[in-house]
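When we follow the UniProt record's numbering, the leftmost residue of the sequence shown carries the number 1, and every step to the right adds one.
Reading through the structure tokens given below for one structure.
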Amino acid sequence: MSTSHQAPNTQLHRILLTGAAGGLGKVLRERLRPCARILRLSDIAALDPSEGAHEEVVPCDLSDKAAVHALVEGCSAIVHLGGVSVERPFEEILEANIRGVFNVYEAARRHGVKRVVFASSNHVIGFYKQTEHIDAHAQRRPDGYYGLSKSFGEDMAQFYFDRWGIETVSIRIGSSFPEPLNRRMMSTWLSYRDLTTLIEKSLFTPDVKHTVVYGMSNNRDVWWDNSAAAHLGFVPQDSSEVFRDKVEAQPPVAPTDPNAIYQGGAFTAQGPFGDQ
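As structure tokens, this is what we get:
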């Protein structure tokens, strides 16, 4: 499989990448460099030092409103990956994912940022069964507190477009790893190359309003229909098929396993937290 990627034809002045210390953040730190003259990198976790004048490293707790407002100042666009990325107790999700996304959009409003790329998730619709095919207009069915927080983020994006004209592409990321790890991910896999292309399209396509798009590669057995986001011009280049033999060599999961039933897989069965 080719991993080459064509750089965009234009640049923004400064892009803010939140969650830059996370798995996808580290990938995008390298891959989004052609998109901006300056890439401002932020996370609450430790980040590697700036590698030159094209990078700014600014630690930030997304639940700190004043810190987020300072973080966003001077940015042309925001790629918002920051927050808790797994199912956790609600209190943890509340601070990072709900209060955090509010602070990001408020800062965007205050500082005149007109484009956000929001890392939503397939867990917004995780309780649909794998036998169902849905598009971006399907009723949301979150599979946990994490999915609920991403659903809130999509509503925040719609509100800030309707009220303030801030445009957002909400990417419902499937499973973005070097390769699919199990049978469910054969349908949800999103290669790093396709993720990068999708974010570039989300940054530079004009007049996106609030667009919801499923982040998936050109996989054989997909559950999601991206026709409502066709205006982005996103055409995935990779496919999970090249990994099929390796994945299908794994022991099969039981038919009662959430990974075999629900689009959100194991997230549908996590929690509750704190019960005695």
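Ideal Cβ placement from N, Cα and C applies to all residues, glycine included.
Where residue i sits in the DSSP three-state scheme
{"i": "T18", "result": "strand"}
{"i": "W189", "result": "strand"}
{"i": "I93", "result": "helix"}
{"i": "T256", "result": "coil"}
{"i": "E55", "result": "strand"}
{"i": "S2", "result": "Below a pLDDT of 50, predicted positions are generally treated as unreliable, and S2, at 47, falls in that range; no measurement from the model is reported."}
{"i": "F152", "result": "helix"}
{"i": "I38", "result": "strand"}
{"i": "I134", "result": "strand"}
{"i": "L12", "result": "strand"}
{"i": "I166", "result": "coil"}
{"i": "R245", "result": "Residue identity differs from the one stated: residue 245 is Asp in this sequence, not Arg. The answer is helix: DSSP assigns D245 an H, G or I state."}
{"i": "R183", "result": "coil"}
{"i": "I78", "result": "strand"}
{"i": "F273", "result": "coil"}
{"i": "F267", "result": "helix"}
{"i": "S240", "result": "helix"}
{"i": "D43", "result": "coil"}
{"i": "R33", "result": "helix"}
{"i": "residue 292", "result": "The displayed coordinates of the chain run from 1 to 276. Any statement about residue 292 would go beyond what the structure contains."}
{"i": "P204", "result": "Strictly speaking, residue 204 in this sequence is Phe, with Pro absent from that position. Here F204 sits in helix by DSSP."}
Selected residue, minimal CA-CA separation from residue i, among the options
{"i": "G264", "options": "I125, V84 and G74", "result": "I125"}
{"i": "S191", "options": "N219, A230, R140 and T10", "result": "N219"}
{"i": "H54", "options": "A46, G83, N259 and R40", "result": "R40"}
{"i": "A70", "options": "R109, A157, E91 and L81", "result": "R109"}
{"i": "P255", "options": "A230, E154, Q130 and D275", "result": "Q130"}
{"i": "S187", "options": "M156, E241, P258 and D162", "result": "E241"}
{"i": "G233", "options": "F204, A45, P251 and P258", "result": "F204"}
{"i": "R31", "options": "R193, Q250, Q270 and P206", "result": "R193"}
{"i": "G147", "options": "P206, G25, A20 and I93", "result": "I93"}
{"i": "P258", "options": "A20, Y128 and H137", "result": "Y128"}
Whether residue i touches residue j by CB criterion (8 angstroms)
{"i": "residue 322", "j": "I171", "result": "This structure cannot speak to residue 322, because the chain is shown only from 1 to 276."}
{"i": "V79", "j": "L16", "result": "yes"}
{"i": "E167", "j": "V208", "result": "yes"}
{"i": "V57", "j": "S63", "result": "no"}
{"i": "E200", "j": "C35", "result": "yes"}
{"i": "G74", "j": "R29", "result": "no"}
{"i": "S176", "j": "G215", "result": "yes"}
{"i": "D143", "j": "F267", "result": "yes"}
{"i": "E132", "j": "W223", "result": "yes"}
{"i": "residue 311", "j": "V117", "result": "Examination of residue 311 is not possible in this model, given that the chain is present from 1 through 276 alone."}
{"i": "I98", "j": "F159", "result": "no"}
{"i": "T18", "j": "G82", "result": "yes"}
Residues that DSSP places opposite residue i in a beta bridge
{"i": "K129", "result": "Y262"}
{"i": "I199", "result": "According to DSSP, I199 bridges with nothing at all."}
{"i": "G215", "result": "I173"}
{"i": "S227", "result": "Per DSSP, none; premise fails for S227."}
{"i": "R88", "result": "In DSSP, R88 forms no bridge with anything."}
{"i": "R110", "result": "In DSSP, R110 forms no bridge with anything."}
{"i": "A119", "result": "I171"}
{"i": "H210", "result": "T168"}
CA-to-CA distance, residue j to residue i, given in whole angstroms
{"i": "T197", "j": "I38", "result": "19 angstroms"}
{"i": "R183", "j": "V247", "result": "6 angstroms"}
{"i": "F243", "j": "V235", "result": "20 angstroms"}
{"i": "N103", "j": "V84", "result": "15 angstroms"}
{"i": "T211", "j": "V169", "result": "5 angstroms"}
{"i": "V68", "j": "L181", "result": "35 angstroms"}
{"i": "F90", "j": "Y105", "result": "21 angstroms"}
{"i": "H231", "j": "D275", "result": "46 angstroms"}
{"i": "R141", "j": "H123", "result": "8 angstroms"}
{"i": "L195", "j": "M185", "result": "15 angstroms"}
{"i": "G23", "j": "A96", "result": "17 angstroms"}
{"i": "Y262", "j": "I173", "result": "16 angstroms"}
{"i": "D221", "j": "P252", "result": "17 angstroms"}
{"i": "S217", "j": "A229", "result": "14 angstroms"}
{"i": "D245", "j": "R88", "result": "33 angstroms"}
{"i": "V27", "j": "D43", "result": "14 angstroms"}
{"i": "A107", "j": "R33", "result": "23 angstroms"}
The ligand SAM heavy atom lying under 7 angstroms from the CB of residue i
{"i": "G265", "result": "Ligands displayed in this structure: none; no statement on the ligand SAM is therefore possible."}
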